[in-house]
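Here is the structure we will look at.
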Amino acid sequence: MTTTDTETTPTETPKAPSARSLARARKRQSLARFWRSYRAHRSGLWGLGLLILIALIAIFAPVLVGSDAQSVTDAPGGPMEGPSSEFPLGTDQFGRSVLALLVYGARVSLTVGLLAAFLCVAIGTVIGIVAGHFRGWYSTVLMRVTDWFLVMPTLVLAIALATVMDRSMWTVIIAIGVTTWPTTARLVRAQTLSVEARPYIERARALGGSHSHVMTRHVLPNVMPLVLAQTTMIISSAILTEATLAFLGLSDPTVTSWGGMLQDAREAGAVSAGDWWYLAPPGIAIAIVALSFTLCGRAVESVLNPKLGVRS
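Shown next, in the form of structure tokens:
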């Protein structure tokens, strides 16, 4: 009787996923949970839909209204014509289509609002984290500077900066960004103090974590939800401030913005003449964009802070 040896092939053990793939999977799951929660807010969806529509209109402005719509020499209509089939929103004092100017104005207003809000949040986040992490005279000096900017009228400071600097779009962005950061700094500092009171921060320090390691690896990820919600709120305020500076004649006169259109309408006598088609569209556009960002900001804040209970 013979026995046959059965050959057994060793089974291959599956490779464990890497830390990078696990991190990507967690990020995808977090984004999916965030979107599921965001979709429950109807007002946030309306705001997001309006912003996407306005952004697409701004991006494809040359295709929609033509690339020479802002030209004064090649204006297709007569000065201050009322709404018609050719010009649905009438014309300005140079004969240009108000609808075409409104479409191009969305580019400048959105760009200034986004970049100014980014600059404001960047300054406020850095100062807030540093003031909350370092104690003693570091925090005292930073908070006193923050309080000084906080009590000063933001619009007055922005007007002062825009007056002494060159009249350009970047001047408006800088003027808005460097005058509206104190609120963000105080919110981030309060959140930083709350985060650094947690046990894992003490453990990170005990294991030899440096100041930069604690602030970038532990504090910053925990304050980012607050920063994101604050950003959406600041964008609408930045757009309104840009419109105010443009209306006061402190922006670049060579670019078309909604605030600049209101300034041009005032100089052209549209207020006294009752030419509503030149005044109402840019004002309504500013209000719609500001409202859309506010609705998105409220929805994001409610998702990131469920205790608010805002569900509409």
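Quick note on the working numbering: the sequence shown kicks off at 5 and runs consecutively. We put the CB at the ideal spot given by N, CA and C, even for glycine. Note that this is a predicted model, so its numbers are computed, not measured.
Please classify residue i: is it buried, with 16 or more other beta-carbons within 10 angstroms of its beta-carbon, or exposed?
{"i": "PHE91", "result": "buried"}
{"i": "THR260", "result": "buried"}
{"i": "HIS215", "result": "exposed"}
{"i": "TRP24", "result": "The sequence shown places Arg at residue 24, not Trp. It counts as exposed."}
{"i": "PRO83", "result": "exposed"}
{"i": "PRO286", "result": "buried"}
{"i": "TRP174", "result": "exposed"}
{"i": "VAL155", "result": "exposed"}
{"i": "TRP262", "result": "buried"}
{"i": "ILE131", "result": "buried"}
{"i": "GLY273", "result": "exposed"}
{"i": "THR10", "result": "Confidence at THR10 is low in this model, with a pLDDT of 48, below 50, so the placement of that residue is unreliable and no value is reported for it."}
{"i": "ARG221", "result": "exposed"}
{"i": "SER101", "result": "buried"}
{"i": "ASP151", "result": "exposed"}
{"i": "THR196", "result": "buried"}
{"i": "ALA27", "result": "exposed"}
{"i": "ILE290", "result": "buried"}
{"i": "LEU57", "result": "exposed"}
{"i": "THR236", "result": "buried"}
{"i": "ALA135", "result": "buried"}
{"i": "LEU35", "result": "exposed"}
{"i": "THR95", "result": "buried"}
Short of 6 Å in beta carbon distance, which residues of its chain neighbour residue i, apart from the five on each side in sequence? Order them along the chain.
{"i": "ILE127", "result": "TRP185"}
{"i": "LEU4", "result": "The chain is shown from 5 up to 316; residue 4 falls before or after that span and cannot be answered."}
{"i": "GLY99", "result": "ALA79, GLY81, GLY82 and PRO83"}
{"i": "GLY51", "result": "SER296, LEU299 and CYS300"}
{"i": "THR187", "result": "none"}
{"i": "THR6", "result": "Its pLDDT being 49, under 50, THR6 is placed unreliably in this model, and the value from its coordinates should be taken loosely. So no residue of the chain qualifies."}
{"i": "SER198", "result": "none"}
{"i": "ALA269", "result": "TYR282 and LEU283"}
Distance, Cα to Cα, residue i vs residue j?
{"i": "ILE239", "j": "ALA210", "result": "40 Å"}
{"i": "GLY264", "j": "LEU68", "result": "21 Å"}
{"i": "ALA242", "j": "ILE205", "result": "35 Å"}
{"i": "THR129", "j": "ALA73", "result": "40 Å"}
{"i": "PHE64", "j": "LEU105", "result": "13 Å"}
{"i": "VAL231", "j": "LEU283", "result": "35 Å"}
{"i": "ARG139", "j": "LEU123", "result": "25 Å"}
{"i": "ARG30", "j": "LEU49", "result": "24 Å"}
{"i": "GLN234", "j": "VAL192", "result": "10 Å"}
{"i": "ALA121", "j": "THR115", "result": "10 Å"}
{"i": "SER113", "j": "SER71", "result": "18 Å"}
{"i": "GLY53", "j": "ALA59", "result": "10 Å"}
{"i": "ASP279", "j": "GLY86", "result": "8 Å"}
{"i": "GLY117", "j": "ALA189", "result": "19 Å"}
{"i": "ALA294", "j": "PRO229", "result": "21 Å"}
{"i": "GLN33", "j": "PRO66", "result": "39 Å"}
{"i": "LEU93", "j": "LEU103", "result": "6 Å"}
{"i": "GLN97", "j": "ARG148", "result": "49 Å"}
{"i": "VAL76", "j": "ALA194", "result": "52 Å"}
{"i": "GLY213", "j": "TYR142", "result": "20 Å"}
Within its chain, find whatever has a CB closer than 7 Å to the CB of residue i; leave out the 5 residues flanking it on each side and keep chain order.
{"i": "VAL307", "result": "PHE38, SER41 and TYR42"}
{"i": "ILE61", "result": "LEU68, VAL107 and ALA110"}
{"i": "ALA166", "result": "THR175, VAL176, ALA179, LEU249 and LEU254"}
{"i": "MET219", "result": "ILE133 and HIS137"}
{"i": "LEU119", "result": "ILE177"}
Within the same chain, show all residues whose beta-carbon is closer than 8 Å to that of residue i, passing over the 5 residues directly before and after it, in chain order.
{"i": "THR158", "result": "THR183, THR184 and THR245"}
{"i": "PRO257", "result": "ARG171 and GLY264"}
{"i": "THR8", "result": "Because THR8 carries a pLDDT of 49, less than 50, the predicted location of this residue cannot be relied on, and no value is offered for it."}
{"i": "ALA266", "result": "Strictly speaking, residue 266 in this sequence is Leu, with Ala absent from that position. Contacts found: ALA247, ALA250, PHE251, LEU283, PRO286 and GLY287."}
{"i": "SER125", "result": "The sequence shown places Val at residue 125, rather than the Ser named in the question. Excluding sequence neighbours, VAL125 sits near TRP185, THR188, VAL231, GLN234, THR235 and ILE238."}
Who does residue i pair with in a DSSP beta bridge?
{"i": "THR95", "result": "SER101"}
Is residue i close to chain D? Criterion is C-beta to C-beta, closer than 8 Å.
{"i": "LEU232", "result": "The structure shown has no chain D; it contains just one protein chain."}
Taking contact to mean at least 3 C-beta pairs separated by less than 8 Å, is the stretch 215-232 in contact with the stretch 145-165? no
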